[in-house]
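Accompanying notes for the structure given below.
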Amino acid sequence: MNGLDLTRLPKHIAVIMDGNGRWADGQGLPRILGHRAGAEAVRRIAEAARELGVPALTLYAFSWENWDRPDEEIQALMALLEQFLDSELGTLRKNQIRLRAMGRLDRLPSTVLRHLNQVMADTAHLDQMTLTLALSYGGRQELVDASRRIARLVCEGRLSPEQIDEAVVSRHLYLPDLPDPDLLIRTSGEQRLSNFLLWQISYCELYVTPTLWPAFTKDDLVQAIAAYQQRERRFGKTGAQSPQSAQINGASGRRGGEVGG
Ligand code: FPP
326 MNGLDLTRLP KHIAVIMDGN GRWADGQGLP RILGHRAGAE AVRRIAEAAR
376 ELGVPALTLY AFSWENWDRP DEEIQALMAL LEQFLDSELG TLRKNQIRLR
426 AMGRLDRLPS TVLRHLNQVM ADTAHLDQMT LTLALSYGGR QELVDASRRI
476 ARLVCEGRLS PEQIDEAVVS RHLYLPDLPD PDLLIRTSGE QRLSNFLLWQ
526 ISYCELYVTP TLWPAFTKDD LVQAIAAYQQ RERRFGKTGA QSPQSAQING
576 ASGRRGGEVG G
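Residue numbers 326 to 586, in the numbering used here, belong to the letters of the sequence shown in order.
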């Protein structure tokens with residue numbers, strides 16, 4: 326119907342939701358109304374991803390660097406997040422979507438954190454899709470935090486430096502059980518990664534669209550997935566080593582269980 330091969334959907338889509346401010350400027354509105362329209366797009370795209378059958382969607386909702394924005398904008402974004410958590414529990418339940426969060430969450434205002442923890446607890450059993458909000462999140466900060474946890478294990482004698490490999494690092498990221506993204510979408514045309522999921526995107530396919538986040542629709546999502554399905558994923562191998570059947574559904578899984586922390 327939408328031209329997608331539903332047997333070869335990305336298992337995990339990550340999105341850098343950019344362009345709220347420019348969208349508002351274009352409409353002659355204050356920036357905060359751009360963020361409000363951005364929050365509506367979050368609901369729209371989460372529902373669209375769920376309808377298409379994408380198992381995991383991760384949205385960059387507030388970066389570590391966003392704490393350097395003017396206080397007024399930070400407060401408005403936090404208020405919007407709190408409202409979103411209040412109003413969307415029903416949507417999450419109706420669509421059987423589990424909400425998770427990743428980042429240095431302890432820096433969030435306590436009321437936001439309380440709402441977030443409540444919605445995560447209320448949806449923890451839902452299994453049709455996982456929606457992860459990256460909040461107070463930075464890829465470098467995540468690697469620093471993982472390094473600290475691993476260093477603690479070494480100091481306690483529970484791990485030797487020689488045992489540290491990619492799997493150990495992966496297991497100490499914020500959400501170790503979340504598979505690496507297969508597709509990273511960035512809206513509003515900027516071609517940069519902005520400190521998002523730096524470890525997890527090593528072999529992710531990138532898709533940049535000029536569409537501003539508040540204007541991003543289900544059709545745009547379908548178009549991004551269609552572009553992804555055209556890609557040949559080789560994971561560092563030659564084309565001959567990567568038969569079509571193994572390409573798109575390829576090596577997104579990672580991480581078993583091991584040392585906790
Ligand atoms: C970038 O737009 C986007 C953000 C700073 C964060 C995204 C926030 C939302 C989508 C709204 C709130 C989210 C939830 C989950 C309720 P920008 O302001 O940098 O845009 P610009 O580059 O055009 O100025």
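Where is the CB? At the ideal position from N, CA and C, for every residue including glycine.
Computed from a predicted model, the values in this text were never measured in an experiment.
- Judged by pairs of C-beta atoms under 8 Å, the segment 489 to 502 does not touch the segment 415 to 424, as fewer than three such pairs exist.
- Note that the C-beta distance between Arg361 and Ser513 is not below 8 Å.
- Setting aside the 5 residues that flank it on each side, Thr436 has no residue in the same chain whose C-beta is closer than 6 Å to its C-beta.
- If you check the CB distance, Thr457 and Arg429 do not come in under 8 Å.
- Distances between the C-beta of Val479 and the heavy atoms of ligand 1 are all 7 Å or more.
- With a cut-off of 8 Å on Cβ pairs, the segment 376 to 388 is in contact with the segment 326 to 337, counting three or more such pairs.
- In this structure, the CA atom of Ala476 is about 13 Å from the CA atom of Arg496.
- Set against 7 Å, the gap from the CB of Phe409 to the closest heavy atom of ligand 1 is smaller.
- At a threshold of 7 Å, Ala364 counts as near ligand 1, since its beta carbon sits closer than that to one of the ligand's heavy atoms.
- With a cut-off of 7 Å, the C-beta of Ala540 is classified as distant from ligand 1, since no heavy atom of the ligand falls inside that distance.
- With distances taken between CA atoms, Trp392 lies nearest to Asp431 out of Glu365, Asp431 and Leu478.
- Nearest Cα to Leu405 within the set Leu433, Arg423 and Leu500: Leu433.
- Going by C-alpha positions, Gln421 is about 13 Å away from Ala446.
- Ranked by how close their Cα comes to the Cα of Leu518, the residues Phe541, Ala374, Pro539 and Ser388 have Ser388 in first place.
- Ranked by how close their Cα comes to the Cα of Val469, the residues Arg439, Cys480 and Leu523 have Leu523 in first place.
- Per the coordinates, the alpha-carbon of Arg511 lies some 6 Å from the alpha-carbon of Met342.
- When the Cα atoms are used, Ile526 and Arg465 turn out to be separated by approximately 13 Å.
- In this structure, Phe560 has its CB at a distance of at least 7 Å from all heavy atoms of ligand 1.
- Inside the segment 456 to 518, DSSP marks whole beta strand (DSSP E) runs of 3 or more residues at positions 508 to 511, from first to last along the chain.
- In this structure, Phe541 and Ala366 form a Cβ contact; the two beta carbons are roughly 5 Å apart against a cut-off of 8 Å.
- Beta-bridge partners assigned by DSSP to Phe409: none are found.
- Secondary structure within the segment 365 to 443: the alpha helix (DSSP H) runs of 4 or more consecutive residues, fully enclosed, are 396 to 419 (chain order).
- In this chain, the beta strand (DSSP E) harbouring Ile338 covers His337 to Ile341.
- Boundaries of the alpha helix (DSSP H) harbouring Leu546: Lys543 to Gln555, taken from the DSSP string.
- Per the C-alpha coordinates, the member of Arg356, Ala386, Leu402 and Val340 positioned closest to Cys529 is Val340.
- Secondary structure at Leu331: helix, using DSSP grouped into helix, strand and coil.
- Distances between the C-beta of Ser527 and the heavy atoms of ligand 1 are all 7 Å or more.
- Secondary structure at Leu354: coil, using DSSP grouped into helix, strand and coil.
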